[in-house]
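J.: Here numbering that gives the first Met the number 0 is used: the first residue of the sequence shown is 0, the next is one more, and so on.
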Amino acid sequence: MLHALIMAGGAGTRFWPKSRQRTPKQLLEIAGNGTMIQQTVRRMLPSVDPSRIHVITNGSLVEATRAQLPKVPPQNVIGEPCGRDTAACIGLGALLAQRLDPKALLAVMPADHVIEPDASFTRALNVCVSLAEQADTLVTMGIRPTFPSVDYGYIHRGSRLGANDGVTFYQVTEFKEKPDRATAEGFVASGEYYWNSGMFVWRADTILRCIARHMLKLHEALTRIRPSLGTPEEARVVAEEYERLEKKSIDYGVMEPAAKAGMVKVVEAIYDWDDVGTWRAVERHRLADAAQNVVVGKHVGVDTNGCVVVGEDGHLVTTIGVSDLIVIHTKDATLVCRKDSAQDVKKLVDKLKEGGLNSYL
């Protein structure tokens, strides 16, 4: 049966000062209806019973995450003792699914994407599932690029393998790391590349075999973790094993070598996708006023154009003579930056850490 693994351990630092350690991006209402993680769970419900939805988050966020997901059994929301990137998270998720269902299929989803419409996503997911039922097959969803982004990894597609229900799928020849601008332009011009969405479907036993083949240290850690799951020893064993692991993504650790071995297929997305990477995403999901300002909260502007303004309840933000700014106000911190600097909010958060301003993180 199909299980879902929702990866919800990200810090969302580019959405500071709204996104904080206690309330990161995935727990916020940034775009769409509901918080990011609530939208992700809702999107999976037509395909997966809530009892088979597993959420892995930061250990300090377990209770807050459970509170937002009343349909998901509390024991299915698991906290990692420390972040070790996506490979460890996915390996642990595969063990959790197998504990309930030795023949589990696993759909892996980031917690903080916006996808519309849900019905089109479900159609694409169904095709992924039918492909992933085959032994030694890893399936990913590819997003047709709309511009030469340097912020995403890319998937190089090979031969067309077929189509089902209006959804086309291809062999994958190679995964590419985030490129420079010129390389990204070449990828888009060729028509042979997709953005790497970070969404995957596979059999739990298949991904665990791939981890054993390509990531021996992680495999050994998972082997030691497996017998502890569901016992009083689980938290201690998981913490000990995570502490010894290095950070490594599933793309680098498994998908790149698996693609070279001919194991990976890509299903072309038939839906609109947004990874909601910076505050500029608010412009794509909320209506602008006559001056092209996108406002959440109370704002009064004079000679203000093309700005993103987000305030707190009960607080008025005012602007005069500014254009193309991002202004984010919270009760204890305010961000002002040019829209073209939105990616650099992460650097600002790093600077706050260096300065010991931890109460603002």
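We put the CB at the ideal spot given by N, CA and C, even for glycine.
When you compare only the Cα positions, how much space is there between alanine 290 and glutamate 191?
T.: Their Cα atoms are separated by approximately 38 Å.
J.: How would you call lysine 216, buried or exposed, if buried means at least 16 neighbouring beta carbons within 10 angstroms?
T.: It is exposed - the Cβ of lysine 216 has fewer than 16 other Cβ atoms within 10 Å.
J.: Just grab the DSSP bridge partners of tryptophan 15 for me.
T.: DSSP output for tryptophan 15 lists no bridge partner at all.
J.: Per DSSP, glutamate 173 is paired with what?
T.: Answer is His155, bridged to glutamate 173.
J.: When we look at the beta-carbon of asparagine 292 and count the other beta-carbons within 10 Å, is it buried (16 or more) or exposed?
T.: The residue is buried, with at least 16 neighbouring Cβ atoms inside 10 Å.
J.: Please indicate yes or no: does the CB of aspartate 274 lie closer than 8 Å to some heavy atom of the ligand NAD?
T.: Of ligands this structure carries none, so the ligand NAD is not represented either.
J.: Could you tell me the alpha carbon to alpha carbon distance between serine 189 and threonine 121, rounded to whole angstroms?
T.: Computed Cα separation, rounded: 28 Å.
J.: Tell me whether the beta-carbon of histidine 213 lies closer than 9 Å to the beta-carbon of valine 171.
T.: For histidine 213 and valine 171, no; Cβs fall outside 9 Å.
J.: Does the distance from the C-beta atom of isoleucine 36 to that of leucine 105 stay below 9 Å?
T.: No, these two residues do not count as a Cβ contact at 9 Å.
J.: Please go through the same chain and pick out, in chain order, the residues whose beta-carbon is closer than 8 Å to the beta-carbon of glutamate 184, but skip the five residues on each side of it.
T.: Closer than 8 Å at the Cβ level, and outside the excluded window around glutamate 184, lie Pro147.
J.: Within the chosen definition, does the segment 37-46 reach the segment 196-206 through at least 3 CB pairs nearer than 8 Å?
T.: Not touching, per the Cβ criterion.
J.: Here's a check: name, in chain order, each residue in its chain whose Cβ is nearer than 6 Å to the Cβ of arginine 51, leaving out the five neighbours to either side.
T.: His2, listed in sequence order.
J.: How long is the line joining the alpha carbons of valine 54 and leucine 160, rounded to whole angstroms?
T.: Each residue's Cα considered, the two are about 32 Å apart.
J.: How many angstroms separate the CA atom of valine 149 from the CA atom of glutamate 232?
T.: Going from the Cα of valine 149 to the Cα of glutamate 232 covers about 43 Å.
J.: When you compare only the Cα positions, how much space is there between serine 119 and leucine 130?
T.: Spanning the two alpha carbons is a distance of roughly 17 Å.
J.: With a 10 Å radius around its C-beta and 16 neighbouring C-beta atoms as the bar for buried, classify asparagine 357 as buried or exposed.
T.: Classification for asparagine 357: exposed.
J.: Please identify the residue among Val47, Glu132, Thr22, Ala258 whose C-alpha is closest to the C-alpha of glutamine 67.
T.: Checked all of Val47, Glu132, Thr22, Ala258; the closest Cα to glutamine 67 is Thr22.
J.: Locate the alpha helix (DSSP H) running through valine 363, then write down its first and last residues.
T.: Because the chain here runs from 0 to 360, residue 363 falls outside it and cannot be looked at.
J.: Can you have a look at leucine 137 and say buried or exposed, based on whether 16 or more other CB atoms are within 10 angstroms of its CB?
T.: Classification of leucine 137: buried, given that the 10 Å Cβ count is 16 or more.
J.: Looking at the secondary structure, which residues open and close the beta strand (DSSP E) in which valine 138 lies?
T.: Note, valine 138: beta strand (DSSP E), 137-142.
J.: So methionine 198 is in the beta strand (DSSP E); what residue range does that whole segment cover?
T.: Counting along the chain, the beta strand (DSSP E) containing methionine 198 begins and ends at 192-202.
J.: State the Cα-Cα distance for the pair alanine 63 and glycine 313, rounded to the nearest angstrom.
T.: Near 24 Å, if we compare the C-alpha coordinates of glycine 313 and alanine 63.
J.: Quick one: what's got a C-beta closer than 6 Å to glycine 320's C-beta in the same chain, skipping five residues either side?
T.: Here the set comprises Asp302.
J.: Have a look at the DSSP bridge pairing and note the partners of histidine 298.
T.: According to DSSP, which records beta bridges pairwise, histidine 298 is partnered with Val316.
J.: Classify proline 69 as buried or exposed, calling it buried when 16 or more other Cβ atoms lie within 10 Å of its own Cβ.
T.: Its Cβ having fewer than 16 others within 10 Å, proline 69 is exposed.
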